[in-house]
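Trainee: Got a structure here, written out as structure tokens. Questions coming.
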Amino acid sequence: DASTLDSFQRQVQKCVERNGLGLTATVKDACKIVLKYPEGTNSTWRNEQFKIYEPLEYEFDVCETLLLWEQYRNVTTILTREYLDARPDGWMDYAAKRIAQLGAANCSNRSLCEEHLELILPPKPPFWPRQFRTCAVVGNSGDLLKTEFGKEIDAHDIVIRDNEAPVTTKYAKHVGMKRSFRLMARGVVRNLLEVAKGSDDEVLIIKSVIHRDFNAKIKLLPNPVYLFQGVVFRRGAKGTGIKSLELALSMCDSVDMYGFTVDPGYTEWTRYFSAPRKGHNPLQGRAYYQLLECLGTMRLHSPMREARKQDWSVIPTRATVNAAYYAAMGLKRKPGKDHGAFKNCKVWGSSSRNGRLSGSKDMSETRKNSNYAKWEKTSVNSLRSQAQHHYRAMEGVTMYKIDGNKLEDLVCIRPQQEEQRSHGK
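Here it is, written out as structure tokens:
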């Protein structure tokens, strides 16, 4: 285990220094690594809580980071009815936290919470691990206007976009035209009808909470709309981009990220479609994204990288990442603990995967007559072979994170026995 991790750390170090555009990496031990910016780097972002500017170096635990992000390849990131049913505080407390202006501290009035959530609450995960081969996550950085990634982005099986970023012929050569998924912050959802224009099939995922005003808009749309199940990270990068990466990894074999400000030298956050504005932790976020690329989690694309012909050969192969994953798991494991596929399951439940689809009786005719629930109707047997193989290897169990930072904190749900048999179990 030690020699495997040592070799992996050296490869991560080499990758950071080759692709990090000035970042250097110092290995401290089998798991700890420090990423450092050059002296003189302009740290312009001030932490008002601690009255300091961003530091120029960051220590990361490679083992924990690798284990955490590889776990996302096996979980779902969409809030479902089976999750609320299985989680101990699911309906009483957690559901209430996902409803803005509920007017109550909890869901003791279950029917009221059902009414708020029924439009966006599928019975089971509408999306599956390994469902898609390639995914592009497209941010909003003004740097996108310096390149022409459009065709490359559209060549991916699915494209995940953030917030209100427009997809029009005006920007097509820079950001492409494909619209598969869109992850939205609460403020953006207020303009949901405008954001959704131009695509009836784009899956709209609300990052934080549902609201009665949002429901009124959803009832008018033909698009699939869901709530994101994940929670906010306490460390690493922040914002919608990191949530989009979680979503992508939960469905895709490989992920490419575009439009995130990862090149040095910027002094403000820019967007390709509007004026610059304040952002969050750019130095910490850039270092964290670079680490993730060098852990084989995803690939970063930017103007400076494109200009110098990005070297993908220094990114660890899937076989190398898998070896490091098992070595890290061996190092972190507790004596006597099960280390099988379900080792991190804290809560178990069972559920019928044929429950009531999302929706409400008072939806508009537009929504009633649309195919908004098509993903909820997807059968395992219609998925690509890699997704079917994963489903059977996991015995049909679906997994959800309770806390985004804890590995041993999953809700795991078995399909009912008759459904297992129908899928060849």
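Position one of the sequence shown corresponds to residue 8 (my numbering), numbered consecutively onward. The beta carbon of each residue, even a glycine, is placed where N, CA and C say it ideally should be.
Alpha carbon to alpha carbon, how far is G110 from N376? Give it in angstroms, no decimals.
Mentor: Distance between the alpha carbons of N376 and G110: 33 Å.
Trainee: In the DSSP assignment, find the alpha helix (DSSP H) that holds I160 and state where it starts and stops.
Mentor: Taken as a continuous stretch (DSSP letters only), the alpha helix (DSSP H) holding I160 covers 157–161.
Trainee: Leaving out five residues on either side along the sequence, give the residues of the same chain with a beta carbon under 6 Å from the beta carbon of F67.
Mentor: Closer than 6 Å at Cβ, skipping near neighbours: I40, L298.
Trainee: Per DSSP, T405 is paired with what?
Mentor: DSSP output for T405 lists I420 as bridge partner(s).
Trainee: Buried or exposed, going by whether 16 or more other CB atoms sit within 10 Å of the CB of K204?
Mentor: Looking at its Cβ environment, which holds fewer than 16 other Cβ atoms inside 10 Å, K204 is exposed.
Trainee: By the 10 Å Cβ neighbour count, where 16 or more other Cβ atoms means buried, how is R94 classified, buried or exposed?
Mentor: Buried.
Trainee: Relative to the C-alpha of H308, which candidate in Y101, K21, D150, R88 has its C-alpha closest?
Mentor: Nearest C-alpha to H308: D150.
Trainee: Can you list, in chain order, the residues of its chain with a C-beta nearer than 7 Å to that of D92? Leave out the 5 residues immediately preceding and following it.
Mentor: Counting only Cβ-Cβ distances below 7 Å, and skipping sequence neighbours, we find G356, S358.
Trainee: Between the Cα of I106 and the Cα atoms of I213, N198, V145, T141, which residue gives the shortest distance?
Mentor: Cα-wise, what sits closest to I106 is I213.
Trainee: Is DSSP giving M264 helix, strand or coil here?
Mentor: M264 falls in the strand class under three-state DSSP.
Trainee: Looking at the structure shown, is Y79 part of a helix, part of a strand, or coil, going by DSSP?
Mentor: DSSP places Y79 in helix when its eight states are reduced to three.
Trainee: Counting C-beta neighbours from all protein chains within 10 Å, is the total for P283 16 or more, i.e. buried, or is it exposed?
Mentor: So P283 ends up on the exposed side.
Trainee: Should R186 and S215 be called a contact, given that it needs their Cβ atoms to be closer than 8 Å?
Mentor: Contact: no.
Trainee: Pairs of beta-carbons, one from the segment 255–263 and one from the segment 140–156, closer than 8 Å: are there three or more?
Mentor: These segments touch.
Trainee: Is there at least one non-hydrogen atom of the ligand SAH closer than 7 Å to the beta-carbon of I213?
Mentor: With respect to the ligand SAH, the structure offers nothing, as it holds no ligand at all.
Trainee: Can you give me the Cβ contacts of D208 inside the same chain, cut-off strictly under 6 Å, excluding the 5 residues immediately before and after it?
Mentor: Within the same chain, D208 has no close Cβ partners at all.
Trainee: What is the residue span of the alpha helix (DSSP H) that T141 lies within?
Mentor: Premise fails: T141 lies in the beta strand (DSSP E), 139–145, not in any alpha helix (DSSP H).
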